[in-house]
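> I have a structure I would like to understand better, so I am pasting it below and will then ask my questions one at a time.
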Amino acid sequence: MATTVPREAETYVNRLELIWKPRPGLLGWLTTTDHKRIGILYFFTSLLLFGAGGAEALLMRTQLLGPHGHVISPRVYDQMFTLHGITMIFLFVIPMTTGAFGNYLLPLMIGARDMAFPRMNAVSYWIYLCSAIFMYISLAGGHAPNAGWFDYVPLASKRFDPGVNIDFYGFGLIFNSLSSTAAAINFIVTIFKMRAPGMSLNRMPLFCYAFLAASFALLFALPALSLAALLLELDRNLGFHFYDPAHGGSVLLWQNLFWIFGHPEVYIIILPAFGIATSIIPTFTHRRMVLFPLVALAEVMVAFLGFGVWAHHMFTVGLPTSATIYFAAASLIIVIPSAIQLFAWIATILTGKPDFKTPLLFIVGFIIYFILGGLSGITLAAIPFDQQVHDSYYVIAHFHMVIFGAAVFPILGGMYYWFPKVTGRMYNERVGKASFWLTFLGTLVTFFPMHILGLLGMPRRNYTYPAHMGWTLMNLMESIGAYMLAAGLLTIVLNLFLSMVFGKQADDPFHGDTLEWSTSSPPAPYNFVVIPTVTTPYGMYDTEDRRRDNKRLARGEGLLDEGHETPMTTAQDAELVEVLEMPPHSIWPPVCALLLSGMFAMLLLVHYWIAGAFLVLAGMALLAWHSHEEHA
Amino acid sequence: MSSGELSGGGATRIVKALGRPDPRHSAPSGVWGMALFLCAEVALFGTIIGSYFYLESVDRSWPPHGVDRPEVLLPALATTYLLITLLPIHLAARCSRRGKRGATVAAIALALLAQCGYLAWQIVLFADDLHRFSPRQTAYGSIYFTMLAVHHAHVLLGLALDLALISQLLARGLTRYWLIAVRNLALYWYVVGALAVCVLFTQISPSL
Numbered sequence: 000m001a002t003t004v005p006r007e008a009e010t011y012v013n014r015l016e017l018i019w020k021p022r023p024g025l026l027g028w029l030t031t032t033d034h035k036r037i038g039i040l041y042f043f044t045s046l047l048l049f050g051a052g053g054a055e056a057l058l059m060r061t062q063l064l065g066p067h068g069h070v071i072s073p074r075v076y077d078q079m080f081t082l083h084g085i086t087m088i089f090l091f092v093i094p095m096t097t098g099a100f101g102n103y104l105l106p107l108m109i110g111a112r113d114m115a116f117p118r119m120n121a122v123s124y125w126i127y128l129c130s131a132i133f134m135y136i137s138l139a140g141g142h143a144p145n146a147g148w149f150d151y152v153p154l155a156s157k158r159f160d161p162g163v164n165i166d167f168y169g170f171g172l173i174f175n176s177l178s179s180t181a182a183a184i185n186f187i188v189t190i191f192k193m194r195a196p197g198m199s200l201n202r203m204p205l206f207c208y209a210f211l212a213a214s215f216a217l218l219f220a221l222p223a224l225s226l227a228a229l230l231l232e233l234d235r236n237l238g239f240h241f242y243d244p245a246h247g248g249s250v251l252l253w254q255n256l257f258w259i260f261g262h263p264e265v266y267i268i269i270l271p272a273f274g275i276a277t278s279i280i281p282t283f284t285h286r287r288m289v290l291f292p293l294v295a296l297a298e299v300m301v302a303f304l305g306f307g308v309w310a311h312h313m314f315t316v317g318l319p320t321s322a323t324i325y326f327a328a329a330s331l332i333i334v335i336p337s338a339i340q341l342f343a344w345i346a347t348i349l350t351g352k353p354d355f356k357t358p359l360l361f362i363v364g365f366i367i368y369f370i371l372g373g374l375s376g377i378t379l380a381a382i383p384f385d386q387q388v389h390d391s392y393y394v395i396a397h398f399h400m401v402i403f404g405a406a407v408f409p410i411l412g413g414m415y416y417w418f419p420k421v422t423g424r425m426y427n428e429r430v431g432k433a434s435f436w437l438t439f440l441g442t443l444v445t446f447f448p449m450h451i452l453g454l455l456g457m458p459r460r461n462y463t464y465p466a467h468m469g470w471t472l473m474n475l476m477e478s479i480g481a482y483m484l485a486a487g488l489l490t491i492v493l494n495l496f497l498s499m500v501f502g503k504q505a506d507d508p509f510h511g512d513t514l515e516w517s518t519s520s521p522p523a524p525y526n527f528v529v530i531p532t533v534t535t536p537y538g539m540y541d542t543e544d545r546r547r548d549n550k551r552l553a554r555g556e557g558l559l560d561e562g563h564e565t566p567m568t569t570a571q572d573a574e575l576v577e578v579l580e581m582p583p584h585s586i587w588p589p590v591c592a593l594l595l596s597g598m599f600a601m602l603l604l605v606h607y608w609i610a611g612a613f614l615v616l617a618g619m620a621l622l623a624w625h626s627h628e629e630h631a
Numbered sequence: 000m001s002s003g004e005l006s007g008g009g010a011t012r013i014v015k016a017l018g019r020p021d022p023r024h025s026a027p028s029g030v031w032g033m034a035l036f037l038c039a040e041v042a043l044f045g046t047i048i049g050s051y052f053y054l055e056s057v058d059r060s061w062p063p064h065g066v067d068r069p070e071v072l073l074p075a076l077a078t079t080y081l082l083i084t085l086l087p088i089h090l091a092a093r094c095s096r097r098g099k100r101g102a103t104v105a106a107i108a109l110a111l112l113a114q115c116g117y118l119a120w121q122i123v124l125f126a127d128d129l130h131r132f133s134p135r136q137t138a139y140g141s142i143y144f145t146m147l148a149v150h151h152a153h154v155l156l157g158l159a160l161d162l163a164l165i166s167q168l169l170a171r172g173l174t175r176y177w178l179i180a181v182r183n184l185a186l187y188w189y190v191v192g193a194l195a196v197c198v199l200f201t202q203i204s205p206s207l
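Going line by line, the protein sequences match chains A and B.
According to numbering that gives the first Met the number 0, the first sequence is numbered sequentially starting from 0.
According to numbering that gives the first Met the number 0, the second sequence is numbered sequentially starting from 0.
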């Protein structure tokens with residue numbers, strides 16, 4: 000039941016249109032602080048980078064199609080697998096989930112008119128874009144990072160990798176983490192402070208719980224990565240000895256720091272996917288989520304427990320037995336909150352009336368791959384088994400099942416689910432289902448044989464293999480699967496792009512259960528004509544609230560039509576605290592990101608004083624953006 | 000426009016529809032933002048200090064042969080001095096809440112001067128340490144100087160914030176926006192003070 004605008008309220012609506020009117024043209028996109036526009040920018044940028052990461056994967060699979068391949072050289076292969084990992088993890092999945100889905104949907108789901116810090120939101124995007132360009136520029140001249148996405152020392156030290164390849168990695172990730180940290184802070188404050196009046200924490204959608212948990216995990220995990228990269232750059236460029244055992248350093252310091260970030264990162268990637276799944280399942284099964292409070296708790300628990308398992312990536316480095324046993328046990332404990340969610344999703348589907356439209360199909364695919372990836376994860380928590388298959392294709396099979404099967408499938412399902420919300424048009428259902436089957440089978444054929452290859456002993460990162468090892472058939476299957484998968488993904492993109500033009504008009508085709516469906520599709524710049532009030536976790540199922548909104552609209556109450564405003568509420572019970580004035584467009588976020596790009600470029604070129612000058616200028620740009628005052 | 004200042008028909012409509020706003024019982028989102036930023040900074044220092052002790056655990060001689068145990072008295076005095084400089088910052092936060100712009104600016108300026116003195120003192124100690132051993136000799140030197148440098152960078156950032164806030168308060172007055180900024184500045188310095196104590200104990204731990 001979307002809010003309909005009665006004739007007597009048209010004056011208020013016109014006023015809102017005027018107040019929130021976006022700037023036209025390119026300048027409008029450059030200076031925007033609107034969370035929806037920023038979400039769209041994130042979407043297209045990360046989609047483009049997904050294409051780049053996919054092309055790198057296809058190159059690798061073409062190289063491995065048969066034994067003794069010569070499609071690319073070993074040097075290029077090293078750069079491809081490194082860039083593929085960096086792209087998919089740092090430049091695609093996280094920006095696509097938190098940046099695109101989170102930015103566009105979260106304020107709509109909680110009934111806010113924007114994020115808590117709109118300009119910081121914009122700077123997060125521009126920094127992300129600049130960091131992606133920074134890392135991809137390295138491809139020119141063959142200087143792309145080449146020591147794997149986890150960049151182990153001593154391979155990544157100056158002695159063994161003297162070029163600037165690793166410096167692109169180190170500075171690029173520090174740069175990128177600025178964006179993610181700012182985004183995480185913004186999401187947490189938005190969720191706690193910007194919820195619609197009445198949306199107490201127990202009435203908040205599970206999607207928001209997932210993003211809250213992922214944001215907290217990002218906030219506390221990223222400093223370890225930034226520090227690890229900083230120490231690496233100090234070692235490489237200033238002759239320090241953090242990772243040099245000959246001078247009292249330790250190569251394992253890198254591994255510890257990296258995985259203190261790296262394992263929570265897995266949950267940072269997958270938690271938003273859980274959030275998307277918990278949005279799609281109730282809508283297409285026409286029932287409320289089973290075990291709502293337990294699922295919310297499980298989402299938070301996954302993020303929390305994720306910080307206690309990092310050393311299970313290091314079972315082969317000679318840790319004390321007591322430590323390995325602790326980390327093995329902790330890794331198994333994570334099964335509990337994961338299984339709670341899994342059972343809740345399955346129970347909701349089984350006890351509801353499932354309508355297997357494309358978004359739900361992708362969620363079913365996600366559940367299947369999450370189980371497969373989860374089961375291989377349990378085997379990897381067994382210390383002797385892990386030591387046997389470490390650095391083999393079995394590990395690649397596991398994390399692709401988890402990261403592609405379990406994290407990307409909900410993203411694809413979410414693209415279909417919210418497509419009518421963002422565009423106001425409907426995608427082609429038949430093509431959607433075909434794209435699902437192509438993607439599902441492509442994923443299975445690509446990644447399942449990797450388990451067998453791993454057990455047969457094929458090590459990861461090798462650019463080719465001899466014919467007599469018995470690995471040829473499985474590699475051939477995987478490469479065929481990769482092309483099938485690429486075809487499925489291209490079908491999705493084509494379906495959505497063509498439907499943007501030719502799709503039927505659609506407003507709320509699935510009768511979604513959360514607040515974003517209460518407003519027009521696509522939403523107006525001010526999101527809601529009337530600020531919604533909430534008395535239930537299912538804002539669109541319990542229609543009494545929406546009827547009350549419509550009555551308030553008719554009376555002209557609760558519109559906040561006197562300025563660029565949104566309500567701020569208390570963290571727990573969402574009682575109205577005050578009305579916030581939101582900042583207007585600003586050129587300073589992209590300027591600030593550009594200046595920081597200058598700083599990182601100068602650091603790369605070892606011009607430290609110029610880098611310092613860029614930092615000072617970036618600080619001045621930050622000061623300048625406070626030239627417009629609004630409520631902080 | 001603050002809810003407390005709402006007037007006219009719009010205000011009535013908001014109150015009728017959403018209830019009367021009450022800003023007294025909730026920190027502004029700007030303060031939440033600063034608190035979360037500081038959480039990330041605490042995590043950063045946590046990993047630096049963790050790295051220090053990790054490297055100590057893998058190196059049999061800590062500090063290595065040829066490097067004296069760190070001095071205790073002067074760094075401890077310097078840290079105590081930094082903690083004392085938090086008093087004018089605290090005073091500035093109190094004055095700002097009472098709407099006293101002049102007193103707020105004066106207190107921040109006093110803190111700025113005192114904290115500049117702290118940074119200068121630390122730079123002298125840092126340079127003195129550099130004469131005795133280098134970050135390029137051993138992992139001990141690398142982590143010792145990096146930890147101190149990161150702390151000093153946070154002090155430098157605090158000084159920049161002091162300066163920026165003084166200029167804004169003088170130019171724009173003590174509006175609600177800048178009142179929150181003063182509160183955030185105080186929060187920043189409290190955390191930098193607490194982290195300075197952690198850094199101090201890590202720095203002097205071989206001598207304890």
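Cβ coordinates follow ideal geometry from the N, Cα and C atoms, glycine included.
For clarity, every value in this text was computed on a predicted model and none was experimentally measured.
Have a look at B:Leu76 and A:Asn461 and give me their C-alpha separation to the nearest angstrom.
Here residue 76 of chain B corresponds to residue number 77 of the second sequence, with the count starting at 1. Here residue 461 of chain A corresponds to residue number 462 of the first sequence, with the count starting at 1. Rounded to the nearest angstrom, the two C-alpha atoms are 56 angstroms apart.
> Quick one: does B:Arg68 have its CB under 9 angstroms from some CB of chain A?
Here the question's residue 68 of chain B lines up with position 69 in the second sequence. Output row for B:Arg68: interface = no.
> With distance defined between alpha-carbon atoms, name the residue in A:Phe42, A:Thr323 and A:Ala56 nearest to A:Ile71.
Here residue 71 of chain A corresponds to residue number 72 of the first sequence, with the count starting at 1. Taking only the C-alpha atoms, the option nearest A:Ile71 is A:Ala56.
> Taking C-alpha atoms, which residue in A:Gly110, A:Leu47 and A:Thr30 lies nearest to A:Thr534?
Residue mapping note: residue 534 of chain A aligns to position 535 of the first sequence, counting from 1. The shortest Cα separation from A:Thr534 among A:Gly110, A:Leu47 and A:Thr30 belongs to A:Gly110.
> My output table needs one value for A:Gly61: the three-state DSSP class, helix, strand or coil.
The sequence position of residue 61 of chain A within the first sequence is 62, counting from 1. For the record, residue 61 of chain A in the displayed sequence is Thr; it is not Gly. Helix, per DSSP.
> Would you report the Cα separation of A:Gly171 and A:Leu233, rounded to the nearest angstrom?
In the first sequence, counting from the first residue as 1, residue 171 of chain A sits at position 172. In the first sequence, counting from the first residue as 1, residue 233 of chain A sits at position 234. A:Gly171 and A:Leu233 have their C-alpha atoms some 15 angstroms from each other.
> Give a yes or no on contact between the region 436-448 of chain A and the region 470-482 of chain A, applying the rule of three or more CB pairs nearer than 8 angstroms.
yes
> For the region 439-523 of chain A, which segments carrying the alpha helix (DSSP H) assignment without a break, of at least 4 residues, lie completely within its bounds, in sequence order?
471-501
> As a quick exercise: from A:Thr97, A:Arg547 and A:Gly197, pick the residue whose alpha carbon is nearest that of A:Ser179.
Counting from one through the first sequence, the residue named residue 179 of chain A turns up at place 180. Per the Cα distances, A:Thr97.
> DSSP on B:Gly9, reduced to helix/strand/coil?
Taking the second sequence and counting its residues from 1, one reaches residue 9 of chain B at position 10. Because B:Gly9 carries a pLDDT of 47, less than 50, the predicted location of this residue cannot be relied on, and the following value inherits that uncertainty. B:Gly9 falls in the helix class under three-state DSSP.
> Is there a Cβ of chain B sitting closer than 9 angstroms to that of A:Phe116, yes or no?
In the first sequence, counting from the first residue as 1, residue 116 of chain A sits at position 117. Yes, because at least one Cβ of chain B sits closer than 9 angstroms to the Cβ of A:Phe116.
> Flag B:Phe125 as yes if its beta-carbon sits less than 9 angstroms from any beta-carbon of chain A, otherwise no.
Position 126 of the second sequence holds residue 125 of chain B. So, not an interface residue.
> Below 8 angstroms, how does it come out for the region 206-224 of chain A and the region 85-104 of chain A: are there three or more Cβ pairs, yes or no?
yes
> Under the three-state reduction of DSSP, which class applies to A:Glu577: helix, strand or coil?
As a first step, residue 577 of chain A must be located in the first sequence, where it is residue number 578. Note: A:Glu577 maps to strand in three-state DSSP.
> Express the C-alpha separation of A:Glu564 and A:Ala433 in angstroms, rounding to a whole number.
Residue mapping note: residue 433 of chain A aligns to position 434 of the first sequence, counting from 1. Residue mapping note: residue 564 of chain A aligns to position 565 of the first sequence, counting from 1. Cα to Cα, A:Ala433 sits roughly 44 angstroms from A:Glu564.
> Using three-state DSSP, classify A:Pro263 as helix, strand or coil.
By 1-based counting over the first sequence, the position of residue 263 of chain A is 264. The answer is helix: DSSP assigns A:Pro263 an H, G or I state.
> For the beta strand (DSSP E) that contains A:Pro588, what are its first and last residues?
Against the first sequence, residue 588 of chain A aligns to sequence position 589. That residue, A:Pro588, is in no beta strand (DSSP E); its alpha helix (DSSP H) goes Trp587 to Leu603.
> Are A:Met288 and A:Thr347 close, meaning C-beta to C-beta below 9 angstroms?
Numbered from 1 along the first sequence, position 289 holds the residue referred to as residue 288 of chain A. Numbered from 1 along the first sequence, position 348 holds the residue referred to as residue 347 of chain A. Note that the C-beta distance between A:Met288 and A:Thr347 is below 9 angstroms.
> Is it the case that the Cβ atoms of A:Phe89 and A:Ser137 are separated by a distance below 9 angstroms?
Position 90 of the first sequence holds residue 89 of chain A. Position 138 of the first sequence holds residue 137 of chain A. Their beta carbons are not under 9 angstroms apart, which means A:Phe89 does not touch A:Ser137 by this criterion.
> Quick check: what's the CA-CA separation for A:Leu40 versus B:Leu72?
Here residue 40 of chain A refers to the residue found at position 41 of the first sequence. Here residue 72 of chain B refers to the residue found at position 73 of the second sequence. The straight-line gap from Cα to Cα measures roughly 54 angstroms.
> Have a look at A:Leu595, A:Ala302, A:Leu107 and A:Val615 and flag the residue whose alpha-carbon is nearest the alpha-carbon of A:Thr518.
Here the question's residue 518 of chain A lines up with position 519 in the first sequence. It is A:Leu107.
> B:Leu5 CB to nearest chain A CB: under 9 angstroms?
As a first step, residue 5 of chain B must be located in the second sequence, where it is residue number 6. At B:Leu5, the pLDDT of 37 sits below 50, so the modelled position is not reliable; the number obtained from the coordinates is stated separately. So yes, B:Leu5 belongs to the interface.
> Taking CB distances under 9 angstroms as the criterion, tell me whether A:His630 reaches chain B.
Sequence index remark: in the first sequence, residue 630 of chain A carries index 631 (1-based). At A:His630 the pLDDT is 47, less than 50, meaning the model places this residue with poor confidence and gives no usable figure here.
> Where does A:Arg158 fall in DSSP's three states?
Looking up residue 158 of chain A in the first sequence gives position 159. Note: A:Arg158 maps to coil in three-state DSSP.
> Please list, in chain order, the residues of the region 36-56 of chain B that have any C-beta partner in chain A closer than 7 angstroms.
Phe36, Cys38, Ala39, Ala42, Leu43, Thr46, Ile47, Ser50, Tyr53 and Leu54
> By how many angstroms is the C-alpha of A:Ala223 removed from the C-alpha of B:Cys38?
By 1-based counting over the second sequence, the position of residue 38 of chain B is 39. By 1-based counting over the first sequence, the position of residue 223 of chain A is 224. Roughly 13 angstroms between the two C-alpha positions.
> Distance, Cα to Cα, A:Val615 vs B:Leu111?
The residue given as residue 615 of chain A occupies position 616 in the first sequence. The residue given as residue 111 of chain B occupies position 112 in the second sequence. The alpha-carbon atoms of A:Val615 and B:Leu111 are separated by roughly 19 angstroms.
> Can the beta-carbon of B:Ser28 be found less than 9 angstroms from the beta-carbon of A:Val122?
As a working mapping, residue 28 of chain B is identified with position 29 in the second sequence. As a working mapping, residue 122 of chain A is identified with position 123 in the first sequence. The answer is no: Cβ separation not under 9 angstroms.
> Are any of the Cβ atoms in chain B nearer than 9 angstroms to that of A:Ala212?
The residue labelled residue 212 of chain A in the question sits at position 213 within the first sequence. No, A:Ala212 lies away from the interface with chain B (no Cβ there is under 9 angstroms from its Cβ).
> Taking Cβ positions only, does B:Thr145 come closer than 9 angstroms to chain A?
Within the second sequence, residue 145 of chain B is the residue found at index 146, counting from 1. True, the Cβ-Cβ gap to chain A drops below 9 angstroms.
> What's the C-alpha gap between A:Arg235 and A:Asn145?
Start at 1 with the first residue of the first sequence, and residue 235 of chain A comes out as number 236. Start at 1 with the first residue of the first sequence, and residue 145 of chain A comes out as number 146. Cα-Cα distance, rounded: 15 angstroms.
> Please confirm if B:Ala159 has its CB atom under 9 angstroms from at least one CB of chain A.
As a first step, residue 159 of chain B must be located in the second sequence, where it is residue number 160. Yes, contact with chain A.
> Quick one: what does DSSP say A:Pro66 is sitting in, helix, strand or coil?
Against the first sequence, residue 66 of chain A aligns to sequence position 67. In the structure shown, A:Pro66 sits in coil (DSSP, three-state: anything other than H, G, I, E or B).
> Contact between the region 144-164 of chain A and the region 567-574 of chain A: three or more CB pairs below 8 angstroms?
no
> Which same chain residues, not among the five before or five after B:Leu158, have their C-beta less than 8 angstroms away from its C-beta?
Here residue 158 of chain B corresponds to residue number 159 of the second sequence, with the count starting at 1. So the list reads Leu111, Gln114, Cys115 and Leu118, once near-sequence residues are dropped.
> So, helix, strand or coil for A:Met79, using DSSP?
For the purposes of this step, residue 79 of chain A is identified with residue 80 of the first sequence, where counting begins at 1. Three-state result, A:Met79: helix.
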